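*Asks:* Submitted below is the structure of interest, expressed as structure tokens.
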Amino acid sequence: MKKSYLLLLFLVFGKRTKAQETTNTTDNPVKIGKSIFSNEIKRNFSRKGDFFVHWGYNHSWYGKSDINFVGPNYDFTLKDVVAHDRQSPLKWNYLNPAKISEPQYNLRVGYFISDNYSVSIGWDHMKYVMDIPQRVAITGVIGENISEPGVPTGALAGTYNGQMIDVTSKMLTYEHTDGFNYANIEFERYDDIWVAPSRQTSLTLETGLGGGMMVPRSDVRLFEQGRNNHWNVAGYGFSAKIGLKFYVTRGLYIQNTTKVGATNLKTVHTTGRDDLDKASQKINYVQNMWALGYQF
Numbered sequence: 001m002k003k004s005y006l007l008l009l010f011l012v013f014g015k016r017t018k019a020q021e022t023t024n025t026t027d028n029p030v031k032i033g034k035s036i037f038s039n040e041i042k043r044n045f046s047r048k049g050d051f052f053v054h055w056g057y058n059h060s061w062y063g064k065s066d067i068n069f070v071g072p073n074y075d076f077t078l079k080d081v082v083a084h085d086r087q088s089p090l091k092w093n094y095l096n097p098a099k100i101s102e103p104q105y106n107l108r109v110g111y112f113i114s115d116n117y118s119v120s121i122g123w124d125h126m127k128y129v130m131d132i133p134q135r136v137a138i139t140g141v142i143g144e145n146i147s148e149p150g151v152p153t154g155a156l157a158g159t160y161n162g163q164m165i166d167v168t169s170k171m172l173t174y175e176h177t178d179g180f181n182y183a184n185i186e187f188e189r190y191d192d193i194w195v196a197p198s199r200q201t202s203l204t205l206e207t208g209l210g211g212g213m214m215v216p217r218s219d220v221r222l223f224e225q226g227r228n229n230h231w232n233v234a235g236y237g238f239s240a241k242i243g244l245k246f247y248v249t250r251g252l253y254i255q256n257t258t259k260v261g262a263t264n265l266k267t268v269h270t271t272g273r274d275d276l277d278k279a280s281q282k283i284n285y286v287q288n289m290w291a292l293g294y295q296f
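When we follow full-length UniProt numbering, the leftmost residue of the sequence shown carries the number 1, and every step to the right adds one.
Put into structure tokens, the structure is as follows:
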């Protein structure tokens with residue numbers, strides 16, 4: 001009798017323990033990151049271990065920049081140069097697979113190291129065009145003939161100490177249109193703002209920090225000497241971003257992100273005589289991007 005009672009007690013206790021374990025598993029099926037927002041509805045899946053990829057297009061704005069030009073018989077700086085981006089007209093090129101990289105585009109691939117943190121690599125293809133003509137201050141020296149073999153500079157030869165000059169295409173054209181490229185690594189955080197009752201559709205805040213290399217292809221003519229140069233690692237950059245990701249489904253999303261960046265270009269190719277002539281500048285920018293992506 002005593003053995004039967006102990007066996008019954010063991011079976012009842014074991015069943016209750018099993019039921020409790022099952023309930024806990026059902027109530028907490030996944031571990032999701034804590035959001036800075038108060039959400040009544042939570043996702044029922046974790047992003048940890050997911051990959052994502054997106055493609056989009058950007059518009060960029062640039063701060064004024066000093067550009068220094070150095071080579072045989074010259075070393076001068078143009079102060080507070082104004083520049084803009086170059087938007088491709090909205091047409092079928094944006095959808096043509098052979099030409100989708102002609103406009104200013106963004107490509108990014110990433111991996112979720114936890115539910116609300118990811119690491120990614122990206123290529124931001126921006127375009128930077130110096131306004132010509134424009135009136136700027138100049139310091140430094142311009143010889144009567146610069147570079148080797150010599151290129152005549154005409155009436156602009158001289159020593160400058162902050163005088164104002166009119167820069168025309170006869171003196172300089174300067175652009176990174178193939179382009180002002182930022183190859184970068186970014187670290188992102190995500191906070192759910194809103195989750196639909198289906199738990200598949202959601203709106204998420206994305207913030208991030210990044211850094212990487214500047215790889216421009218610079219089209220420069222200095223006193224009409226130059227070319228559309230080859231790509232080169234000209235310097236480095238750092239960036240911070242904030243944006244919104246709207247998940248149409250668990251995987252498909254639309255994204256809008258604003259990024260601010262600071263860059264330092266130390267070796268910009270100019271005349272095509274890369275062992276002799278170069279330019280350098282620091283460019284600060286703001287970029288806004290729309291993208292379509294998928295997470296899997």
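All residues carry an ideal CB built from backbone N, CA and C; glycine is no exception.
Note that this is a predicted model, so its numbers are computed, not measured.
Taking DSSP as the reference, what is the three-state secondary structure of ALA291?
*Replies:* In the structure shown, ALA291 sits in a strand (DSSP, three-state: E or B).
*Asks:* Could you check the C-alpha separation between SER46 and ASN288 for me, to the nearest Å?
*Replies:* One C-alpha to the other measures close to 28 Å.
*Asks:* So, under 8 Å CB-CB, ILE132 and VAL167 are touching, yes? Tell me the CB distance rounded to an integer number of Å.
*Replies:* Contact holds; Cβ gap of about 6 Å.
*Asks:* So the candidates are TYR253, VAL151 and THR267; which of them puts its Cα closest to the Cα of HIS230?
*Replies:* The option with the nearest alpha carbon to HIS230 is THR267.
*Asks:* Using a Cβ-Cβ cutoff of less than 8 Å, which residues in the same chain neighbour THR139 once the five nearest sequence positions on both sides are dropped?
*Replies:* If we look at THR139 and ignore the five residues flanking it on each side, its Cβ neighbours are PHE76, THR77, LYS79, TYR160, ASN161 and GLY162.
*Asks:* Hey, would you say ASP115 sits closer than 7 Å to LYS48, going by beta carbons?
*Replies:* Yes, they are a contact pair.
*Asks:* Locate the beta strand (DSSP E) running through GLU175, then write down its first and last residues.
*Replies:* Residues 172 to 195.
*Asks:* Closer than 6 Å by C-beta to ASN228: which residues in its own chain qualify, once you throw out the five before and the five after it? Chain order, please.
*Replies:* Correct list, in chain order: ASP219.
*Asks:* Between ARG135 and the rest of its own chain, which residues show a CB-CB distance below 8 Å, the 5 nearest in sequence each way excluded?
*Replies:* So the list reads MET164, ILE165, ASP166 and VAL167, once near-sequence residues are dropped.
*Asks:* Among ASP191, ARG250, ARG217 and THR270, which has the Cα closest to the Cα of ASN44?
*Replies:* Among ASP191, ARG250, ARG217 and THR270, the Cα nearest to that of ASN44 is on ARG250.
*Asks:* Would you mind working out which of LEU222, ALA240 and GLY154 sits nearest TYR182, comparing C-alpha positions?
*Replies:* Closest by alpha carbon: ALA240.
*Asks:* Look at the alpha carbon of TYR253 and the alpha carbon of VAL151, and state the distance between them as a whole number of angstroms.
*Replies:* Taking the straight line from one Cα to the other gives about 54 Å.
*Asks:* Exposed or buried, what is PRO89 when buried is set at 16 or more other beta-carbons lying within 10 Å of its beta-carbon?
*Replies:* The residue in question, PRO89, is exposed, as its Cβ has fewer than 16 Cβ neighbours within 10 Å.
*Asks:* Which word fits TYR294, buried or exposed, when buried means at least 16 other C-beta atoms lie within 10 angstroms of its C-beta?
*Replies:* That one is exposed.
*Asks:* What is the residue span of the beta strand (DSSP E) that ILE41 lies within?
*Replies:* Counting along the chain, ILE41 falls outside any beta strand (DSSP E), and DSSP gives it neither H nor E.
*Asks:* Is GLY143 helix, strand or coil when you go by DSSP?
*Replies:* GLY143: coil per DSSP, three-state reduction.
*Asks:* What did DSSP end up calling ALA157 once you bin it into helix, strand or coil?
*Replies:* Of the three classes helix, strand and coil, the one that applies to ALA157 here is coil, per DSSP.
*Asks:* Counting along the chain, where does the beta strand (DSSP E) carrying GLU206 start and finish?
*Replies:* That run of the beta strand (DSSP E) goes 202 to 214.
*Asks:* Among residues of its own chain, excluding the 5 on either side of LYS170, which ones have a beta-carbon nearer than 6 Å to its beta-carbon?
*Replies:* Cβ neighbours of LYS170 beyond the five flanking positions: none.
*Asks:* What are the residues that DSSP puts in a beta bridge with ARG135?
*Replies:* According to DSSP, which records beta bridges pairwise, ARG135 is partnered with ASP166.
*Asks:* Please confirm if the stretch 201 to 209 is in contact with the stretch 185 to 192, defined as three or more CB-CB distances below 8 Å between the two stretches.
*Replies:* With the cut-off at 8 Å, the stretch 201 to 209 and the stretch 185 to 192 touch.
*Asks:* Mark PHE37 as exposed unless 16 or more other C-beta atoms lie within 10 angstroms of its C-beta, in which case mark it buried.
*Replies:* That one is exposed.
*Asks:* Could you tell me which whole beta strand (DSSP E) segments of length 3 or greater appear in the stretch 59 to 94?
*Replies:* Correct list: 65 to 71 and 74 to 81.
*Asks:* Please classify ASN96: is it buried, with 16 or more other beta-carbons within 10 angstroms of its beta-carbon, or exposed?
*Replies:* By the neighbour-count rule (16 or more Cβ atoms within 10 Å), ASN96 is not buried but exposed.
*Asks:* Flag this pair as yes or no: are the beta carbons of GLY226 and THR153 separated by less than 7 Å?
*Replies:* No. Outside cutoff.
*Asks:* To the nearest angstrom, how far is it from the Cα of GLY110 to the Cα of LYS99?
*Replies:* Cα to Cα, GLY110 sits roughly 24 Å from LYS99.
*Asks:* Exposed or buried, ILE41, counting other C-beta atoms within 10 Å across all chains shown (16 or more means buried)?
*Replies:* Counting Cβ neighbours within 10 Å, ILE41 comes out exposed, since fewer than 16 surround it.
*Asks:* By DSSP's criteria, ILE242 is part of a beta bridge. Which residues make up the other side?
*Replies:* THR207 and THR258.
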